[in-house]
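In my numbering, the protein residues as written are 1 to 531.
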């Protein structure tokens with residue numbers, strides 16, 4: 001087979017390409033078409049970010065307007081995460097049924113309805129109905145955006161492009177904070193309604209823009225539409241050779257013979273989703289079990305280390321730190337949003353250069369230190385009768401440091417890593433499980449944070465988060481291998497040995513070198529015979 005490929009591709013005397021050839025130090029310029037598709041798909045994450053950011057400030061005015069308790073505020077703020085479970089659970093099957101692109105449109109439409117319902121709410125119960133609808137839309141968007149981006153992106157820039165959902169979540173959070181400040185001057189009963197209702201506007205533009213995107217090439221292959229998949233891969237790959245390699249890998253994963261080049265082929269029903277949950281949960285291979293533990297684990301630790309407590313309850317935290325004026329609290333909260341957005345942009349350019357693992361471990365290490373110091377500062381303020389300016393400054397600095405460290409690693413890598421490690425047939429449902437773990441953890445945290453800090457003090461709450469982040473560091477160090485530069489179809493070989501993954505990685509690298517050398521020798525032999 002090896003001596004036939006050069007002739008078939010028209011490169012006489014050249015050796016066959018392997019995927020490593022496309023990860024050389026001299027990488028081509030980023031594929032602009034793949035970049036545009038990833039941007040459009042990932043912009044659905046703005047919807048979640050905006051809701052998180054805007055609710056942190058809107059909750060202050062909703063509490064005054066509807067005269068609700070702290071427990072009701074907790075439920076209002078955090079319940080969207082629980083509702084989003086329904087969306088993320090349904091998104092995997094929906095995206096396999098109607099395609100990744102139309103699922104994104106569907107998510108935008110649902111959120112549009114939810115935002116309008118929240119904006120026109122006349123009481124607490126009506127507002128909760130709006131949260132329910134918006135939550136389902138958020139669940140869809142959270143699952144499908146990273147999956148689509150991972151399936152469209154070439155290997156050379158997959159980390160950069162797959163981090164876009166987190167970038168747009170942060171952009172949405174910042175927009176939400178700005179909206180809080182902008183509408184805070186309006187009468188109480190109008191201000192929060194404008195804050196929430198204005199979120200319907202971007203969903204209209206998103207749904208329209210997404211229709212201009214191509215469908216995921218991997219989904220097209222799963223439907224047997226090889227011709228369309230090939231044309232999309234030609235546009236989204238760094239070279240035609242890489243496009244051919246990606247198509248061959250996808251066909252192999254979908255059970256389609258490599259030599260099959262028909263425009264449309266029939267794909268066995270087994271590859272349309274039947275048996276996926278069985279292979280994922282009931283009878284997983286060691287590789288799938290390792291992948292599932294890694295994906296669910298990274299999503300769990302992303303949220304349990306306290307990020308939503310800081311983002312959703314920043315005004316409360318700043319109040320406990322000694323900042324009492326509403327506008328000052330909202331301005332300080334805007335600084336959190338700006339820092340988060342700035343550092344996530346930095347992270348996008350480092351993911352494919354430094355790698356997932358180094359960034360993740362550095363990020364979690366910084367989070368542990370900043371959370372611990374924040375706990376110390378808040379505890380000192382809690383036990384002091386005087387206003388300690390240095391302690392207030394330390395609190396603000398550590399909150400900004402915490403969100404910066406989170407955004408440079410833990411934030412984007414969670415979505416990048418979980419969307420690229422699942423095998424093709426299990427990817428949609430596997431990612432939906434990761435998102436479900438993410439949303440459950442976020443929901444529990446956001447619906448209990450006020451009660452938690454009243455029970456163990458505000459400083460104690462952040463000491464708890466620092467402890468959880470320490471456990472996360474150990475989990476990531478021992479169980480998560482580096483995935484940079486590997487194709488999506490190679491991932492299954494990398495996992496399966498759990499704590500011994502380093503040995504597996506060395507063996508894979510050795511096999512890759514041996515295979516390349518063998519191809520070079522066969523290419524040389526072919527050239528000699530022709531001469």
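The beta-carbon is built from N, C-alpha and C at its ideal position, and this holds for glycine as well.
Presumed contact (8 Å Cβ cut-off) between residue i and residue j, rounded CB distance
i: residue 54; j: residue 179; result: 5 Å
i: residue 152; j: residue 236; result: 5 Å
i: residue 83; j: residue 135; result: 3 Å
i: residue 462; j: residue 305; result: No, residue 462 and residue 305 are not in contact; Cβ-Cβ is about 10 Å, not under 8 Å.
i: residue 339; j: residue 403; result: 5 Å
i: residue 413; j: residue 360; result: 5 Å
i: residue 79; j: residue 443; result: 7 Å
i: residue 158; j: residue 171; result: At roughly 21 Å, the Cβ-Cβ gap does not stay under 8 Å, so residue 158 and residue 171 are not in contact.
i: residue 350; j: residue 209; result: Wrong, their Cβ atoms sit about 28 Å apart, outside the cutoff.
i: residue 181; j: residue 331; result: 7 Å
i: residue 417; j: residue 298; result: 6 Å
i: residue 46; j: residue 207; result: Going by Cβ atoms, the distance from residue 46 to residue 207 rounds to 12 Å, so no, they are not a contact pair.
i: residue 229; j: residue 247; result: 7 Å
i: residue 395; j: residue 146; result: With 8 Å as the limit, residue 395 and residue 146 do not qualify as a contact, their Cβ atoms being about 33 Å apart.
i: residue 154; j: residue 59; result: That belief does not hold up - the Cβ atoms of residue 154 and residue 59 are roughly 42 Å apart, past 8 Å.
i: residue 217; j: residue 415; result: Wrong, their Cβ atoms sit about 20 Å apart, outside the cutoff.
CB of residue i within 8 Å of CB of residue j, strictly
i: residue 91; j: residue 169; result: no
i: residue 42; j: residue 111; result: no
i: residue 279; j: residue 378; result: no
i: residue 65; j: residue 188; result: yes
i: residue 287; j: residue 473; result: no
i: residue 410; j: residue 296; result: no
i: residue 291; j: residue 479; result: no
i: residue 407; j: residue 162; result: no
i: residue 88; j: residue 346; result: no
i: residue 226; j: residue 142; result: no
i: residue 356; j: residue 486; result: no
i: residue 401; j: residue 363; result: no
i: residue 374; j: residue 399; result: yes
i: residue 392; j: residue 322; result: yes
i: residue 428; j: residue 300; result: no
i: residue 196; j: residue 139; result: no
i: residue 56; j: residue 333; result: yes
i: residue 450; j: residue 70; result: yes
i: residue 119; j: residue 193; result: yes
i: residue 276; j: residue 223; result: no
i: residue 256; j: residue 232; result: no
i: residue 368; j: residue 470; result: yes
Separation of residue j from residue i, as counted between CA atoms
i: residue 265; j: residue 503; result: 39 Å
i: residue 251; j: residue 259; result: 10 Å
i: residue 114; j: residue 174; result: 20 Å
i: residue 234; j: residue 263; result: 15 Å
i: residue 285; j: residue 493; result: 11 Å
i: residue 477; j: residue 510; result: 23 Å
i: residue 75; j: residue 506; result: 48 Å
i: residue 100; j: residue 108; result: 13 Å
i: residue 184; j: residue 63; result: 14 Å
i: residue 468; j: residue 307; result: 12 Å
i: residue 198; j: residue 51; result: 10 Å
i: residue 317; j: residue 458; result: 8 Å
i: residue 384; j: residue 390; result: 12 Å
i: residue 160; j: residue 343; result: 14 Å
i: residue 23; j: residue 31; result: Confidence at residue 23 is low in this model, with a pLDDT of 43, below 50, so its placement is unreliable and no value can be given for it.
i: residue 14; j: residue 302; result: Unreliable positioning characterises residue 14 in this predicted model, as indicated by a pLDDT of 42, which lies under 50. A coordinate reading is not provided.
i: residue 93; j: residue 324; result: 48 Å
i: residue 186; j: residue 201; result: 20 Å
i: residue 249; j: residue 283; result: 24 Å
i: residue 81; j: residue 261; result: 44 Å
i: residue 215; j: residue 501; result: 34 Å
i: residue 281; j: residue 128; result: 33 Å
i: residue 77; j: residue 348; result: 29 Å
i: residue 421; j: residue 310; result: 29 Å
i: residue 148; j: residue 38; result: 8 Å
i: residue 254; j: residue 341; result: 38 Å
i: residue 137; j: residue 191; result: 24 Å
i: residue 177; j: residue 313; result: 12 Å
i: residue 481; j: residue 72; result: 42 Å
i: residue 44; j: residue 387; result: 43 Å
**Report entry** Entirely enclosed alpha helix (DSSP H) segments - the segment 183 to 207, minimum 4 residues
**Finding:** 188 to 197
Query - Start-end ranges of the alpha helix (DSSP H) lying completely within the segment 355 to 421, minimum 4 residues - result: 356 to 382, 389 to 405, 411 to 420
Query - Residue ranges of each alpha helix (DSSP H) within the segment 25 to 58, 4 or longer - result: 32 to 42
Query raised in the report: In the segment 131 to 193, which residue ranges form an unbroken alpha helix (DSSP H) of at least 4 residues, counting only runs that do not cross its ends?
Result: 158 to 162, 164 to 183
Query raised in the report: In chain order, which alpha helix (DSSP H) runs of at least 4 residues are fully inside the segment 251 to 305?
Result: 286 to 304
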